[in-house]
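Residue numbers (full-length UniProt numbering): 1 to 369.
Next up, the structure:
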């Protein structure tokens with residue numbers, strides 16, 4: 001009885017699905033009948049009419065994803081071709097020489113074509129659903145990585161600010177002017193770091209999410225101007241750090257959100273400064289490569305531990321914070337860099353060169369003038 005109940009429910013759903021898709025089936029078959037009548041009036045060629053009905057059946061299968069609708073349309077097409085376009089006209093005649101084979105062949109072809117189209121349509125729907133699930137999972141991973149990075153990158157400088165300010169208040173009278181100035185400088189530096197982290201988090205709000213796909217509002221921007229503004233911003237904070245810039249001499253534009261790309265460049269420059277543990281220069285190089293523009297930030301420090309290269313952009317930062325220095329965590333910055341570049345249709349990765357570390361990202365569809 002249980003099996004009968006399941007089959008009965010399945011049959012009921014199939015019938016309801018057929019009834020729901022019947023209007024679309026009637027519309028397509030009516031259009032095919034109209035076109036076939038015109039063809040037959042001018043050419044008297046039944047072969048073209050069979051092709052027209054087969055096309056209509058394919059369109060019905062694509063539009064309805066209903067096996068019943070495809071089969072009904074197939075049977076209607078076969079019987080109507082025999083009734084209206086085969087001699088004697090306006091009557092059924094299955095005794096013509098060779099027609100039974102034609103009848104069976106056309107029925108099988110129509111039904112198989114309909115079934116294949118419906119199967120492909122359902123597979124496409126399933127693929128889209130799977131893609132949506134993967135995108136949602138990726139979004140959740142990004143959120144988790146950001147939260148994990150926040151617990152480190154934001155908490156550490158806050159702890160330093162609280163500790164320094166408490167020390168200043170408790171020992172203000174006994175501290176020298178030099179010690180007081182150093183504490184205030186530490187507080188200001190950590191506050192600036194916090195501001196940079198907040199700007200990183202706010203930049204995420206500029207990334208639109210349409211149907212689970214991260215995207216940004218792009219406009220044609222001058223590559224030289226975007227890089228120049230980011231470097232100037234970096235030099236204001238770190239005037240003693242040499243930055244060497246190499247970009248093409250020609251005028252190049254790239255579709256981008258200039259604010260977000262500037263944030264990426266600034267993050268990577270700061271990353272090179274804080275984590276290289278070197279007083280050497282930082283090189284910023286932009287090179288066209290095919291349809292992409294490649295931008296690299298290279299330092300001359302100790303490089304990145306090979307074990308961390310594959311997980312740098314997952315929110316874990318570059319090095320574990322062993323000293324309490326608020327600048328040892330770049331988890332938020334690197335995670336957001338990856339999110340921004342991916343939303344632009346580009347890629348970002350890190351590697352080591354002979355004298356230090358290098359971060360490279362790409363942007364598509366650049367133009368040269």
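C-beta: ideal position from N, C-alpha, C; glycine also. Every value quoted in this text rests on a predicted model; they were computed, and no experiment measured them.
Please report the straight-line C-alpha distance between residue i and residue j, rounded to a whole angstrom.
| i | j | result |
| --- | --- | --- |
| residue 188 | residue 368 | 42 Å |
| residue 108 | residue 120 | 18 Å |
| residue 137 | residue 203 | 21 Å |
| residue 141 | residue 341 | 17 Å |
| residue 363 | residue 221 | 12 Å |
| residue 291 | residue 242 | 31 Å |
| residue 336 | residue 176 | 41 Å |
| residue 94 | residue 82 | 8 Å |
| residue 32 | residue 58 | 12 Å |
| residue 289 | residue 366 | 10 Å |
| residue 351 | residue 139 | 25 Å |
| residue 23 | residue 88 | 30 Å |
| residue 372 | residue 183 | No answer is possible for residue 372: it lies beyond the span of the chain, which begins at 1 and ends at 369. |
| residue 264 | residue 230 | 9 Å |
| residue 78 | residue 131 | 39 Å |
| residue 314 | residue 163 | 30 Å |
| residue 239 | residue 207 | 31 Å |
| residue 51 | residue 133 | 40 Å |
| residue 346 | residue 44 | 57 Å |
| residue 190 | residue 349 | 28 Å |
| residue 125 | residue 73 | 23 Å |
| residue 114 | residue 198 | 56 Å |
| residue 161 | residue 237 | 19 Å |
| residue 235 | residue 155 | 26 Å |
| residue 180 | residue 166 | 12 Å |
| residue 193 | residue 249 | 34 Å |
| residue 255 | residue 278 | 34 Å |
Nearest to residue i by alpha carbon, out of the options?
| i | options | result |
| --- | --- | --- |
| residue 296 | 306, 245, 311 and 216 | 245 |
| residue 309 | 157, 171 and 357 | 357 |
| residue 262 | 240, 251 and 233 | 233 |
| residue 60 | 21, 132, 157 and 122 | 21 |
| residue 382 | 228, 54, 183 and 23 | Residue 382 cannot be examined here, being either before or after the span of the chain that is shown, 1 to 369. |
| residue 70 | 163, 46 and 18 | 18 |
| residue 46 | 80, 68 and 282 | 80 |
| residue 90 | 37, 64, 104 and 207 | 37 |
| residue 168 | 13, 186 and 155 | 186 |
| residue 219 | 344, 67, 30 and 11 | 344 |
| residue 371 | 301, 286 and 255 | Examination of residue 371 is not possible in this model, given that the chain is present from 1 through 369 alone. |
| residue 303 | 294, 280, 287 and 293 | 280 |
| residue 26 | 76, 286, 274 and 305 | 76 |
| residue 266 | 293, 228, 287 and 129 | 228 |
| residue 216 | 123, 104, 135 and 339 | 339 |
With burial defined as no fewer than 16 other Cβ atoms inside 10 Å of the residue's Cβ, what is the status of residue i: buried or exposed?
| i | result |
| --- | --- |
| residue 226 | buried |
| residue 28 | buried |
| residue 157 | buried |
| residue 437 | With the chain running from 1 to 369 in the structure shown, residue 437 is simply not present. |
| residue 260 | buried |
| residue 172 | exposed |
| residue 251 | exposed |
| residue 320 | Unreliable positioning characterises residue 320 in this predicted model, as indicated by a pLDDT of 46, which lies under 50. The coordinate reading is nonetheless provided below. Residue 320 comes out exposed. |
| residue 144 | exposed |
| residue 353 | exposed |
| residue 101 | exposed |
| residue 361 | buried |
| residue 16 | exposed |
| residue 5 | Low local confidence applies: a pLDDT of 49 at residue 5 is under 50, so the model's placement there is unreliable, with the coordinate-based value given in what follows. The residue is exposed, with fewer than 16 neighbouring Cβ atoms inside 10 Å. |
| residue 116 | exposed |
| residue 68 | buried |
Rounded to the nearest angstrom, how far is the Cβ of residue i from that of residue j, given a contact under 8 Å?
| i | j | result |
| --- | --- | --- |
| residue 284 | residue 312 | About 19 Å; that fails the 8 Å criterion. |
| residue 223 | residue 247 | 7 Å |
| residue 299 | residue 276 | 4 Å |
| residue 42 | residue 48 | In fact, because the Cβ distance is near 10 Å, the residues do not count as touching under 8 Å. |
Can you tell me which of the three DSSP states residue i falls into?
| i | result |
| --- | --- |
| residue 173 | coil |
| residue 292 | strand |
| residue 357 | strand |
| residue 100 | helix |
| residue 362 | strand |
| residue 254 | strand |
| residue 191 | helix |
| residue 198 | helix |
| residue 351 | strand |
| residue 373 | The chain is shown only over 1 to 369; residue 373 falls outside these bounds and no answer can be derived. |
| residue 137 | helix |
| residue 246 | strand |
| residue 220 | strand |
| residue 154 | coil |
| residue 304 | coil |
| residue 277 | coil |
| residue 72 | helix |
| residue 78 | helix |
Say yes only if the C-beta of residue i is nearer than 7 Å to one or more non-hydrogen atoms of the ligand MG, and no if none qualify.
| i | result |
| --- | --- |
| residue 260 | Among the components of this structure there are no ligands whatsoever, and the ligand MG is therefore not found. |
I'd like to know if residue i contacts chain D, where contact means its C-beta is closer than 8 Å to some C-beta of that chain.
| i | result |
| --- | --- |
| residue 136 | Absent from the structure is chain D; it holds one protein chain and no more. |
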